[in-house]
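A.B. asks: These protein sequences, in sequence, are chains P, C, Z and F. Quick note: the first sequence uses this note's numbering, first residue 1, plus one each step. Quick note: the second sequence uses this note's numbering, first residue 1, plus one each step. Quick note: the third sequence uses this note's numbering, first residue 1, plus one each step. Quick note: the fourth sequence uses this note's numbering, first residue 1, plus one each step.
There are 4 protein chains.
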Amino acid sequence: MSSSSSAPATGPATARGQRTRNKLLAAAETVFGDMGYERASIVEITRAAGVAQGTFYVYFPSKKAVFVELVWELNRKLRRSLRAATDALVDPDRFELERVGALTFLRFVQEHKDLYRIVRQAEFVDEELFREYYRELSAGYRRGLEQSMDKGEIRRFDPEALVYMLMGILDFVGMRWVLWENELPSEAVIEDMVRFIRDGLRRREGEDG
Amino acid sequence: MSSSSSAPATGPATARGQRTRNKLLAAAETVFGDMGYERASIVEITRAAGVAQGTFYVYFPSKKAVFVELVWELNRKLRRSLRAATDALVDPDRFELERVGALTFLRFVQEHKDLYRIVRQAEFVDEELFREYYRELSAGYRRGLEQSMDKGEIRRFDPEALVYMLMGILDFVGMRWVLWENELPSEAVIEDMVRFIRDGLRRREGEDG
Amino acid sequence: MSSSSSAPATGPATARGQRTRNKLLAAAETVFGDMGYERASIVEITRAAGVAQGTFYVYFPSKKAVFVELVWELNRKLRRSLRAATDALVDPDRFELERVGALTFLRFVQEHKDLYRIVRQAEFVDEELFREYYRELSAGYRRGLEQSMDKGEIRRFDPEALVYMLMGILDFVGMRWVLWENELPSEAVIEDMVRFIRDGLRRREGEDG
Amino acid sequence: MSSSSSAPATGPATARGQRTRNKLLAAAETVFGDMGYERASIVEITRAAGVAQGTFYVYFPSKKAVFVELVWELNRKLRRSLRAATDALVDPDRFELERVGALTFLRFVQEHKDLYRIVRQAEFVDEELFREYYRELSAGYRRGLEQSMDKGEIRRFDPEALVYMLMGILDFVGMRWVLWENELPSEAVIEDMVRFIRDGLRRREGEDG
DNA sequence: CATGAATGAGGCTTCATTCAT
DNA sequence: GATGAATGAAGCCTCATTCAT
Numbered sequence: 001m002s003s004s005s006s007a008p009a010t011g012p013a014t015a016r017g018q019r020t021r022n023k024l025l026a027a028a029e030t031v032f033g034d035m036g037y038e039r040a041s042i043v044e045i046t047r048a049a050g051v052a053q054g055t056f057y058v059y060f061p062s063k064k065a066v067f068v069e070l071v072w073e074l075n076r077k078l079r080r081s082l083r084a085a086t087d088a089l090v091d092p093d094r095f096e097l098e099r100v101g102a103l104t105f106l107r108f109v110q111e112h113k114d115l116y117r118i119v120r121q122a123e124f125v126d127e128e129l130f131r132e133y134y135r136e137l138s139a140g141y142r143r144g145l146e147q148s149m150d151k152g153e154i155r156r157f158d159p160e161a162l163v164y165m166l167m168g169i170l171d172f173v174g175m176r177w178v179l180w181e182n183e184l185p186s187e188a189v190i191e192d193m194v195r196f197i198r199d200g201l202r203r204r205e206g207e208d209g
Numbered sequence: 001m002s003s004s005s006s007a008p009a010t011g012p013a014t015a016r017g018q019r020t021r022n023k024l025l026a027a028a029e030t031v032f033g034d035m036g037y038e039r040a041s042i043v044e045i046t047r048a049a050g051v052a053q054g055t056f057y058v059y060f061p062s063k064k065a066v067f068v069e070l071v072w073e074l075n076r077k078l079r080r081s082l083r084a085a086t087d088a089l090v091d092p093d094r095f096e097l098e099r100v101g102a103l104t105f106l107r108f109v110q111e112h113k114d115l116y117r118i119v120r121q122a123e124f125v126d127e128e129l130f131r132e133y134y135r136e137l138s139a140g141y142r143r144g145l146e147q148s149m150d151k152g153e154i155r156r157f158d159p160e161a162l163v164y165m166l167m168g169i170l171d172f173v174g175m176r177w178v179l180w181e182n183e184l185p186s187e188a189v190i191e192d193m194v195r196f197i198r199d200g201l202r203r204r205e206g207e208d209g
Numbered sequence: 001m002s003s004s005s006s007a008p009a010t011g012p013a014t015a016r017g018q019r020t021r022n023k024l025l026a027a028a029e030t031v032f033g034d035m036g037y038e039r040a041s042i043v044e045i046t047r048a049a050g051v052a053q054g055t056f057y058v059y060f061p062s063k064k065a066v067f068v069e070l071v072w073e074l075n076r077k078l079r080r081s082l083r084a085a086t087d088a089l090v091d092p093d094r095f096e097l098e099r100v101g102a103l104t105f106l107r108f109v110q111e112h113k114d115l116y117r118i119v120r121q122a123e124f125v126d127e128e129l130f131r132e133y134y135r136e137l138s139a140g141y142r143r144g145l146e147q148s149m150d151k152g153e154i155r156r157f158d159p160e161a162l163v164y165m166l167m168g169i170l171d172f173v174g175m176r177w178v179l180w181e182n183e184l185p186s187e188a189v190i191e192d193m194v195r196f197i198r199d200g201l202r203r204r205e206g207e208d209g
Numbered sequence: 001m002s003s004s005s006s007a008p009a010t011g012p013a014t015a016r017g018q019r020t021r022n023k024l025l026a027a028a029e030t031v032f033g034d035m036g037y038e039r040a041s042i043v044e045i046t047r048a049a050g051v052a053q054g055t056f057y058v059y060f061p062s063k064k065a066v067f068v069e070l071v072w073e074l075n076r077k078l079r080r081s082l083r084a085a086t087d088a089l090v091d092p093d094r095f096e097l098e099r100v101g102a103l104t105f106l107r108f109v110q111e112h113k114d115l116y117r118i119v120r121q122a123e124f125v126d127e128e129l130f131r132e133y134y135r136e137l138s139a140g141y142r143r144g145l146e147q148s149m150d151k152g153e154i155r156r157f158d159p160e161a162l163v164y165m166l167m168g169i170l171d172f173v174g175m176r177w178v179l180w181e182n183e184l185p186s187e188a189v190i191e192d193m194v195r196f197i198r199d200g201l202r203r204r205e206g207e208d209g
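Here it is, written out as structure tokens:
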């Protein structure tokens, strides 16, 4: 019977296959990161992976397919990082969570610069994919913020608005320092950011919600 | 500068020439906005402009050239809008400026959805152009914020950090509502945003700067 | 306005354009005839036409498109030839028409060997195109045969059956001699063919229809 | 012949080997019939056969090789069918033979639509193979017709011409009804065909050969 | 001034075939 | 005896750009 006909072009599941697939994925990450989706070519990717051009199509049905996979990989990895970092905290308040979350995010960007740049291109590769990326990412964040509002830790906001504002801050800080300067923001910058967020979130004296 | 003969393909300076050039520019804006830089083609642009293919090269030396020009045009227009809106205010404080600036930005995005998407692509067309765009945009904003700090209206921040955080907020709110929902954010969202920014900026009691 | 957006990729209508288009069409005819549709390549066609590869797509939207055009061109030419030949006859009976039609067909094949082979491939390029080809070709033939039946010149047959039998005879004779031997069938063969058809059509004594 | 060691990739001669080979052959028949020679792929064939891609080359040296084998298989089967059908007749005259031969052919086509389409493609895979197919098929037919002429059962014809005309009739009737309508021609059509052939063959009164 | 036919490099993808396991 | 991962040549098509008119 062999593998009949249903395999969705994910490529051989053998050990060797896994290795090749990973080489390809890593190469694609680098190449897309360097040259952008459109200018990246399959030849370039396979050359970087050290395999023949045709090998690419053993593992991925199309150029777009690797890209999409990469985007989701980043999404998963990032969420996992954030969850790990915050789960490690003992009885944290919202402000602690924001500080740790921000730092984790920036470090993640630093370690996955290519992947990060890939997301930024998704908008032009597949609009819906791009939105899905943020929807997915914001969902958990938003839940946490809503809980904090319910607990009265922070002021009440339209949760969707709040989550996008916070993501916007992180995105731009990540872009400005990690991507452009190729380094984590200085202590001072981080401190300013955390303080700005904290004060923005905090209930004012005399407020009831 | 002047109208010597070396300017590379800026096109005839006659009135008719100006008209053609503008048609081309407008067409390029639409087409780049619709299909993205890479997928947009010169034929598409010239067809939309109602001129022959070759005419394009009378006015612009390359595809990239129109794109760059478009980016700067957006930049200029946006800064002009912002300046106009804030100049109209009588003796405004920082918070008033932020509110008006935010609204102006969002309305601008609404009217220039194409140009907005164009900027976001600049990152992959010409990294430096993209950074320049934000450097230019942030310069004036930053000056204003520094003055407010000096006056003690708002807390002291690393000005670069502050300006990118604020741009990040606006960018994401504009994206989430104006681009994705195709409408201005609701009053509630705007209000939350303005309040978040205001509280983030405000000096805490007892602080001295 | 130029040529706005409706031109169905038929290429420039200028004199120069017509010339190029014809070169391309002629080259395609030869190449498809020589190597068959699938093995023929656009490079081969453009090389034979003496133009650049890209020029092909100025005139035809796809490989298949030229092919289809070629098929219909053959169809038209063949029908025109047959009509011309039979129209020239003065008060012909069915048998005279068959003789002249057969000869005309065979001569046509001899002069259009490429196009002839092209039709035979249509079956594998586009099944429906292939059937349309025969439907179109048989329509006029069939009308003539029906008239002859009505006049009582020939026996009554299911007209569709008759027309396909006659086309089958001609097709195979054309294949066997014109294509394979590269010459018109001998007088003897032609005579046998005409006689066979005549006797097959003729009413037997004592029949009434 | 024999089972020495030089036969190029005919595959293992064991029972299991035979089974695999037949699965491959059957799969190839279906796939070539469905998609045509050029569009059919080895992967498709091996998948349909339920074996690994590489296995194909254990049994056949190339894609073309299976195809050629399939063509000859059809040829053999068809001739065997025809022989069986006519051998069963008791002291038949030419007209009876033609009627039975025609019916047998049409039924064969109906049961082997795949193989039928395969032959029609042979022309573009290997011209010589295609001609050989008809030469082989016509050889026996022609001998029978010559005998009938010698016996005076039918009029004298150039035998090659006659045999190709008759094959042409059958080919087109098979195509028009069995392939296109997916059904045997109606009684009426069959009757017209048999009558047309009979009258075409028959000696006219007063003829002597 | 403008045109638009022509170019040719380069991109994505398919697939027959090989060969180490 | 069978496998299936890998190969790389080749195909169709797109498009920015040039240049003769």
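Ideal Cβ placement from N, Cα and C applies to all residues, glycine included. Quick caveat, the model's predicted, so the values are computed rather than measured.
How far does the alpha helix (DSSP H) with R104 (chain P) in it reach, from first residue to last?
C.D. replies: Residue 104 (chain P) sits at position 104 when you count from the first residue of the first sequence. It should be noted that the sequence gives Thr, not Arg, for residue 104 (chain P). Per DSSP, T104 (chain P) belongs to the alpha helix (DSSP H) from R94 to E111.
A.B. asks: Please name the residue, chosen from P:P159, P:E146, P:R176 and P:E98, that lies closest to S138 (chain C) on a Cα-to-Cα basis.
C.D. replies: As a position in the second sequence, residue 138 (chain C) is number 138, starting the count at 1. Of P:P159, P:E146, P:R176 and P:E98, the residue nearest in Cα terms is P:R176.
A.B. asks: Does any CB atom of chain F fall closer than 8 Å to the CB of F95 (chain Z)?
C.D. replies: The sequence position of residue 95 (chain Z) within the third sequence is 95, counting from 1. It does not: the Cβ of F95 (chain Z) has no partner Cβ on chain F nearer than 8 Å.
A.B. asks: Closest to F172 (chain Z) by C-alpha separation, out of Z:E96, Z:R117 and Z:K77, would be which residue?
C.D. replies: In the third sequence, the residue the question calls residue 172 (chain Z) occupies position 172. Checking every option, the nearest Cα to that of F172 (chain Z) belongs to Z:R117.
A.B. asks: Would W180 (chain C) pass as an interface residue toward chain P - the criterion being a Cβ-Cβ separation below 8 Å?
C.D. replies: Within the second sequence, residue 180 (chain C) is the residue found at index 180, counting from 1. Interface residue (Cβ-Cβ distance to chain P less than 8 Å): W180 (chain C) is classified as such.
A.B. asks: How is T30 (chain C) classed by DSSP in three states: helix, strand or coil?
C.D. replies: Translated into the one-based positions of the second sequence, residue 30 (chain C) becomes position 30. Correct three-state label for T30 (chain C): helix.
A.B. asks: Out of C:V66, C:G33, C:Y37 and C:P12, which one is the CA nearest neighbour of L24 (chain C)?
C.D. replies: Here residue 24 (chain C) refers to the residue found at position 24 when the second sequence is read from its first residue. Nearest of C:V66, C:G33, C:Y37 and C:P12 to L24 (chain C), Cα basis: C:V66.
A.B. asks: I'd like the span of the alpha helix (DSSP H) that includes G152 (chain Z), first residue to last.
C.D. replies: In the third sequence, counting from the first residue as 1, residue 152 (chain Z) sits at position 152. Unbroken run through G152 (chain Z): none, as it is neither H nor E.
A.B. asks: When the Cα atoms are used, what is the spatial distance from L70 (chain F) to E111 (chain F)?
C.D. replies: Position 70 of the fourth sequence, counting from 1, holds the residue named residue 70 (chain F). Position 111 of the fourth sequence, counting from 1, holds the residue named residue 111 (chain F). Answer to the nearest angstrom: the Cα atoms are 15 Å apart.
A.B. asks: How close, in whole Å, do the beta carbons of F95 (chain C) and R198 (chain C) come, if the pair is a contact with beta carbons under 8 Å?
C.D. replies: Position 95 of the second sequence, counting from 1, holds the residue named residue 95 (chain C). Position 198 of the second sequence, counting from 1, holds the residue named residue 198 (chain C). Yes, F95 (chain C) and R198 (chain C) are in contact; Cβ-Cβ is about 5 Å, under 8 Å.
A.B. asks: Would you say V215 (chain F) lies against chain Z (beta-carbon separation less than 8 Å)?
C.D. replies: Within the shown structure, residues of chain F are numbered from 1 to 209, placing residue 215 (chain F) beyond reach of any answer.
A.B. asks: Could you tell me which of F:T20, F:L89 and F:Q121 sits nearest to R39 (chain Z), measuring between CA atoms?
C.D. replies: Residue mapping note: residue 39 (chain Z) aligns to position 39 of the third sequence, counting from 1. For the residues F:T20, F:L89 and F:Q121, the minimum Cα distance to R39 (chain Z) belongs to F:Q121.
A.B. asks: How close, in whole Å, do the beta carbons of A161 (chain P) and V109 (chain C) come, if the pair is a contact with beta carbons under 8 Å?
C.D. replies: To locate residue 161 (chain P), count along the first sequence from 1; it is residue 161. To locate residue 109 (chain C), count along the second sequence from 1; it is residue 109. 16 Å between Cβ atoms; not a contact.
A.B. asks: With DSSP collapsed to three states, give me the class of A48 (chain C).
C.D. replies: On the second sequence, residue 48 (chain C) is found 48 positions in, with the first residue counted as 1. Note: A48 (chain C) maps to helix in three-state DSSP.
A.B. asks: Check whether the region 46–54 of chain F and the region 26–36 of chain F are in contact - that is, three or more C-beta pairs closer than 8 Å.
C.D. replies: yes
A.B. asks: Please decide whether R142 (chain C) counts as near chain P, where near means a Cβ-Cβ distance under 8 Å.
C.D. replies: Along the second sequence, one-based indexing puts residue 142 (chain C) at 142. Closer than 8 Å: no.
A.B. asks: Would you grab the beta carbon distance between G174 (chain C) and F196 (chain P) for me? Rounded to a whole angstrom, and I think it's under 8 Å.
C.D. replies: On the second sequence, residue 174 (chain C) is found 174 positions in, with the first residue counted as 1. On the first sequence, residue 196 (chain P) is found 196 positions in, with the first residue counted as 1. A Cβ-Cβ distance of about 19 Å is found for the pair G174 (chain C) and F196 (chain P), leaving them out of contact under the 8 Å criterion.
A.B. asks: Quick one: is R19 (chain C) buried, meaning 16 or more other Cβ sit within 10 Å of its Cβ, or exposed?
C.D. replies: Numbered from 1 along the second sequence, position 19 holds the residue referred to as residue 19 (chain C). The residue in question, R19 (chain C), is exposed, as its Cβ has fewer than 16 Cβ neighbours within 10 Å.
A.B. asks: Strictly under 8 Å for the Cβ-Cβ distance: is E176 (chain F) near chain Z by that measure?
C.D. replies: Along the fourth sequence, read from residue 1 onward, the residue named residue 176 (chain F) stands at position 176. It should be noted that the sequence gives Arg, not Glu, for residue 176 (chain F). Closer than 8 Å to some Cβ of chain Z, the Cβ of R176 (chain F) qualifies, so yes.
A.B. asks: If I follow the unbroken alpha helix (DSSP H) through P159 (chain F), where does it start and stop?
C.D. replies: Locating residue 159 (chain F) in the fourth sequence gives position 159, counting from the first residue. For P159 (chain F), the enclosing alpha helix (DSSP H) covers residues P159 to V173.
A.B. asks: Can you tell me the Cα-Cα spacing of T14 (chain F) and F32 (chain F), whole angstroms?
C.D. replies: Numbered from its first residue, the fourth sequence carries residue 14 (chain F) at position 14. Numbered from its first residue, the fourth sequence carries residue 32 (chain F) at position 32. F32 (chain F) has its alpha-carbon roughly 26 Å from the corresponding atom of T14 (chain F).
A.B. asks: Below 7 Å on C-beta distance, what does D158 (chain P) contact in chain C?
C.D. replies: In the first sequence, counting from the first residue as 1, residue 158 (chain P) sits at position 158. Correct list: A188, V189 and D192.
A.B. asks: Please confirm if I118 (chain F) has its CB atom under 8 Å from at least one CB of chain Z.
C.D. replies: On the fourth sequence, residue 118 (chain F) is found 118 positions in, with the first residue counted as 1. Judged by the 8 Å Cβ criterion, I118 (chain F) is not in contact with chain Z.
A.B. asks: Sort C:R16, C:G144 and C:E128 by Cα distance to E98 (chain C) and report the nearest one.
C.D. replies: Counting from 1 along the second sequence, the entry for residue 98 (chain C) is found at position 98. Cα-wise, what sits closest to E98 (chain C) is C:G144.
A.B. asks: Flag this pair as touching only if the region 145–161 of chain C and the region 147–162 of chain P have three or more C-beta atom pairs under 8 Å; answer yes or no.
C.D. replies: no
A.B. asks: Taking DSSP as the reference, what is the three-state secondary structure of L70 (chain F)?
C.D. replies: Position 70 of the fourth sequence, counting from 1, holds the residue named residue 70 (chain F). In this structure, L70 (chain F) counts as helix in the three-state DSSP scheme.
A.B. asks: What span of residues does the alpha helix (DSSP H) with R195 (chain F) cover, start to end?
C.D. replies: Working through the fourth sequence from its first residue, we reach residue 195 (chain F) at position 195. Start and end: E187 to L201.
A.B. asks: Would you identify the three-state DSSP class for L129 (chain C), choosing helix, strand or coil?
C.D. replies: Walking along the second sequence from the start, residue 129 (chain C) turns up at place 129. The answer is helix: DSSP assigns L129 (chain C) an H, G or I state.
A.B. asks: By how many angstroms is the C-alpha of V58 (chain Z) removed from the C-alpha of V100 (chain P)?
C.D. replies: One-based indexing of the first sequence puts residue 100 (chain P) at position 100. One-based indexing of the third sequence puts residue 58 (chain Z) at position 58. Cα to Cα, V100 (chain P) sits roughly 59 Å from V58 (chain Z).
A.B. asks: Which residues of chain Z have a Cβ atom closer than 8 Å to the Cβ of I197 (chain F), listed in chain order?
C.D. replies: The residue given as residue 197 (chain F) occupies position 197 in the fourth sequence. Neighbours of I197 (chain F) in chain Z, taken as residues whose beta carbon is under 8 Å from its own, are G200 in chain order.
A.B. asks: What would DSSP say about N22 (chain Z), mapped onto helix, strand or coil?
C.D. replies: Looking up residue 22 (chain Z) in the third sequence gives position 22. DSSP places N22 (chain Z) in helix when its eight states are reduced to three.
A.B. asks: Where E136 (chain C) and N75 (chain C) are concerned, what is the direct C-alpha to C-alpha distance, given to the nearest angstrom?
C.D. replies: Sequence index remark: in the second sequence, residue 136 (chain C) carries index 136 (1-based). Sequence index remark: in the second sequence, residue 75 (chain C) carries index 75 (1-based). Using only the alpha carbons, I get a separation of about 8 Å.
A.B. asks: Following the continuous alpha helix (DSSP H) through G54 (chain P), name the residue where it begins and the one where it ends.
C.D. replies: Residue 54 (chain P) sits at position 54 when you count from the first residue of the first sequence. It spans Q53 to Y59 - the alpha helix (DSSP H) in which G54 (chain P) sits, taken as one unbroken run.
A.B. asks: Among the candidates P:R83, P:D150 and P:D34, whose CA atom is the shortest distance from the CA of A102 (chain P)?
C.D. replies: Position 102 of the first sequence, counted from the first residue, corresponds to residue 102 (chain P). That would be P:R83, whose Cα lies nearest to the Cα of A102 (chain P).
A.B. asks: Take E181 (chain P) as the anchor and find which of C:R131, C:S41, C:D34 and C:S62 has the nearest alpha-carbon.
C.D. replies: Within the first sequence, the letter at position 181 stands for residue 181 (chain P). Among C:R131, C:S41, C:D34 and C:S62, the Cα nearest to that of E181 (chain P) is on C:R131.
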